[in-house]
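Q: Below you will find the structure I want to go over with you.
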Amino acid sequence: MEYVILAVVIAVVAIAAIAGLVVSGRRRQQLPPKSQAPVITAPKPTPSEPQVGEEAAPPTEEPRRTVEEVELPEAEAVTVPETVEEEAPALEVPEPTAGRLVRLRSRLSRSQNSLGKGLLSLLSREHLDEDTWEEIEETLLTADVGVAPTQELVERLRTRVKVLGTRTPEELRGLLREELVELIGKDADRTVHSTKHQEGPAVVLVVGVNGVGKTTTTGKLARVLVADGRKVVLGAADTFRAAAADQLQTWGERVGARTVRGPEGGDPASIAFDAVKEGIAEGADTVLVDTAGRLHTKTGLMDELGKVKRVVEKHGPVDEVLLVLDATTGQNGLIQARVFAEVVDITGIVLTKLDGTAKGGIVVAVQRELGVPVKLIGLGEGADDLAPFEPGAFVDALIGD
534 MEYVILAVVI AVVAIAAIAG LVVSGRRRQQ LPPKSQAPVI TAPKPTPSEP
584 QVGEEAAPPT EEPRRTVEEV ELPEAEAVTV PETVEEEAPA LEVPEPTAGR
634 LVRLRSRLSR SQNSLGKGLL SLLSREHLDE DTWEEIEETL LTADVGVAPT
684 QELVERLRTR VKVLGTRTPE ELRGLLREEL VELIGKDADR TVHSTKHQEG
734 PAVVLVVGVN GVGKTTTTGK LARVLVADGR KVVLGAADTF RAAAADQLQT
784 WGERVGARTV RGPEGGDPAS IAFDAVKEGI AEGADTVLVD TAGRLHTKTG
834 LMDELGKVKR VVEKHGPVDE VLLVLDATTG QNGLIQARVF AEVVDITGIV
884 LTKLDGTAKG GIVVAVQREL GVPVKLIGLG EGADDLAPFE PGAFVDALIG
934 D
């Protein structure tokens with residue numbers, strides 16, 4: 534039995550070996566013979582020049598040319614863009630100052646009518662008793678004329694009304710006009726001294742506290758002087774406000790006035806000195822110096838103003854010291870005036886914002902307080918709204934036609 538099983542196993546192994554040989558043979562028959570495999574031959578490159586062993590082609594016989602005979606390709610023309618010069622802004626021509634206050638009269642009269650018309654209404658009453666005269670005094674005091682000037686005006690009016698007797702509206706207006714012009718002062722010298730002299734240009738210091746429109750007034754004053762034919766140099770000595778120098782320079786550029794400035798927080802006296810020096814070098818007629826209303830340092834403002842004036846006087850005399858006051862501040866403006874007058878010799882007053890207040894009497898009060906005349910008044914925000922003060926035109930605006 535064992536022999537039978539062994540024989541069967543041997544037979545199975547033999548059959549499996551024979552089957553493997555048969556399959557392997559069939560696979561070899563399906564493969565292509567090695568001799569029939571495709572042969573890929575790389576193409577020979579076409580030589581651009583003679584190869585080794587080949588003869589080179591004989592050179593073409595061309596006549597030799599000089600450098601001048603060789604034609605070179607023309608270079609392309611390069612277009613250079615033209616430089617466009619920026620045109621300087623056209624200078625403005627300020628309005629002439631002659632009669633400027635008359636042209637601005639309507640602006641002034643609108644804000645001052647309560648004073649003039651109030652006085653005319655009271656004086657036109659049939660019976661001028663004590664109560665009426667007290668009302669006239671109150672009207673004048675409310676307009677900031679001041680106590681002493683009010684009393685003087687009322688006494689003169691009472692006397693003249695008694696002498697006049699019958700009072701027509703035209704007579705009353707003429708009477709009031711004469712007395713107000715007399716009270717303001719018609720003979721005072723209100724000229725801004727800005728004419729060049731032998732030592733050099735006239736020097737004008739503009740002083741006042743911040744907020745009254747000092748820098749703007751300086752710029753507008755430059756326009757007034759340019760309109761009158763003056764050559765002006767501006768000194769930006771207000772180094773406390775960062776924008777003050779830029780603001781002043783803008784005003785100057787509009788009318789062709791050069792501005793001398795220094796670093797923010799710099800020494801105001803040094804800048805004022807340099808401005809006058811520049812004015813001398815340029816042959817300017819007038820140097821306008823905008824001074825500080827406050828300072829960075831602990832040095833007192835008034836001490837610094839005194840220093841500015843002393844330093845400038847090394848070049849020559851200071852012709853004008855103009856104090857700028859805000860007309861809307863009334864009696865507070867008088868307090869400021871007193872303080873400034875103690876340090877620098879004020880020669881004239883500039884009243885700004887007079888178009889926005891019914892307290893035109895400040896013109897009288899501040900003149901009495903300082904003993905110097907009002908020389909300029911500001912009547913609006915326009916560039917040419919700064920006008921030389923004329924008592925007659927001012928009173929006409931107060932009382933109307």
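Count along the sequence shown from 1, then add 533; that gives the number in this note's numbering. Ideal placement from N, C-alpha and C gives every residue a C-beta, glycine not left out. If you're wondering where the values come from, they're calculated on a predicted model, not measured in any experiment.
1. Look at the alpha carbon of residue 611 and the alpha carbon of residue 733, and state the distance between them as a whole number of angstroms.
2. Quick check: what's the CA-CA separation for residue 605 versus residue 790?
3. Of all the options 654, 885, 899, which has the alpha carbon lying nearest to the alpha carbon of residue 909?
4. Between which residues of its own chain and residue 658 is the CB-CB distance below 6 Å, once the five residues before and five after are set aside?
5. In or out: residue 848 buried (at least 16 other Cβ within 10 Å) or exposed?
6. Report yes if the CB atom of residue 877 is closer than 8 Å to the CB atom of residue 838, and no otherwise.
7. In its own chain, which residues sit with a C-beta less than 8 Å from the C-beta of residue 841, not counting the 5 before and 5 after it?
8. Indicate the three-state DSSP secondary structure (helix, strand or coil) for residue 785 in the structure shown.
9. State buried or exposed for residue 924, treating a residue as buried only when at least 16 other CB atoms are found within 10 Å of its CB.
10. Does the segment 852-859 touch the segment 744-756, meaning 3 or more C-beta pairs lie closer than 8 Å?
11. Does DSSP put residue 748 in a helix, in a strand, or in coil?
12. Just mark residue 627 as buried or exposed, buried being the case when its beta carbon has 16 or more other beta carbons within 10 Å.
13. Excluding the 5 residues preceding and the 5 following residue 672 in the sequence, name in chain order all residues of the same chain whose CB lies nearer than 8 Å to its CB.
14. Determine the direct distance from the alpha carbon of residue 684 to that of residue 481, and round the result to whole angstroms.
15. Could you check whether the segment 764-780 touches the segment 813-820, counting it as contact only if at least three pairs of C-beta atoms, one from each stretch, sit closer than 8 Å?
16. In terms of residue numbering, what span does the beta strand (DSSP E) encompassing residue 768 cover?
17. For residue 737, does the three-state DSSP call read helix, strand or coil?
18. Looking only at its own chain, which residues have a Cβ that is under 6 Å from the Cβ of residue 787, when we skip the five neighbours before and after it?
19. Whole angstroms is fine: what's the gap from residue 742's alpha carbon to residue 689's?
20. Taking the alpha helix (DSSP H) that residue 680 belongs to, which residues open and close that run?
21. For the segment 702-739, list the alpha helix (DSSP H) runs that are entirely contained and at least 4 residues long, ordered along the chain.
22. What separation, rounded to the nearest whole angstrom, lies between the Cα atoms of residue 679 and residue 667?
A: In this structure, then:
1. Looking up residue 611 in the sequence shown gives position 78. Looking up residue 733 in the sequence shown gives position 200. Confidence is the limiting factor: at residue 611 the pLDDT is only 49, short of 50, which leaves the residue's position unreliable, though a coordinate-based value still follows. Cα to Cα, the separation comes out at about 55 Å.
2. As a first step, residue 605 is located in the sequence shown; it is residue number 72 there, counting from the start. As a first step, residue 790 is located in the sequence shown; it is residue number 257 there, counting from the start. Caution applies to residue 605, whose pLDDT of 47 falls short of 50 and renders its modelled position unreliable; the value that the coordinates give is listed next. About 59 Å.
3. Taking the first residue of the sequence shown as 1, we reach residue 909 at position 376. Among 654, 885, 899, the Cα nearest to that of residue 909 is on 885.
4. Within the sequence shown, the letter at position 125 stands for residue 658. Same-chain partners within the cutoff: 665.
5. Position 315 of the sequence shown, counting from 1, holds the residue named residue 848. That one is buried.
6. On the sequence shown, residue 877 is found 344 positions in, with the first residue counted as 1. On the sequence shown, residue 838 is found 305 positions in, with the first residue counted as 1. For residue 877 and residue 838, yes; Cβs fall inside 8 Å.
7. One-based indexing of the sequence shown puts residue 841 at position 308. Counting only Cβ-Cβ distances below 8 Å, and skipping sequence neighbours, we find 738, 770, 801, 802, 805, 822, 824.
8. In the sequence shown, the residue the question calls residue 785 occupies position 252. Looking at residue 785 - three-state DSSP - the assignment turns out to be helix.
9. Taking the first residue of the sequence shown as position 1, residue 924 is located at position 391. With 16 or more other Cβ atoms within 10 Å, it is buried.
10. yes
11. Within the sequence shown, the letter at position 215 stands for residue 748. If DSSP states are grouped into helix, strand and coil, residue 748 belongs with the helices.
12. Residue 627 sits at position 94 when you count from the first residue of the sequence shown. Flag for residue 627 reads buried.
13. In the sequence shown, residue 672 corresponds to position 139, counting from 1. So the list reads 648, 651, 652, 655, once near-sequence residues are dropped.
14. Because the chain spans 534 through 934 in this model, residue 481 falls outside it and cannot be assessed.
15. yes
16. For this step, residue 768 is matched to residue 235 along the sequence shown. 765-769 is the extent of the beta strand (DSSP E) around residue 768.
17. The residue given as residue 737 occupies position 204 in the sequence shown. Three-state result, residue 737: strand.
18. The sequence position of residue 787 within the sequence shown is 254, counting from 1. Here the set comprises 625.
19. Here residue 742 is taken as the residue at index 209 of the sequence shown, counted from 1. Here residue 689 is taken as the residue at index 156 of the sequence shown, counted from 1. One C-alpha to the other measures close to 36 Å.
20. Taking the sequence shown and counting its residues from 1, the one referred to as residue 680 is at position 147. Here the alpha helix (DSSP H) through residue 680 covers 680-697.
21. 702-717
22. Residue mapping note: residue 679 aligns to position 146 of the sequence shown, counting from 1. Residue mapping note: residue 667 aligns to position 134 of the sequence shown, counting from 1. Approximately 15 Å between the Cα atoms of the pair.
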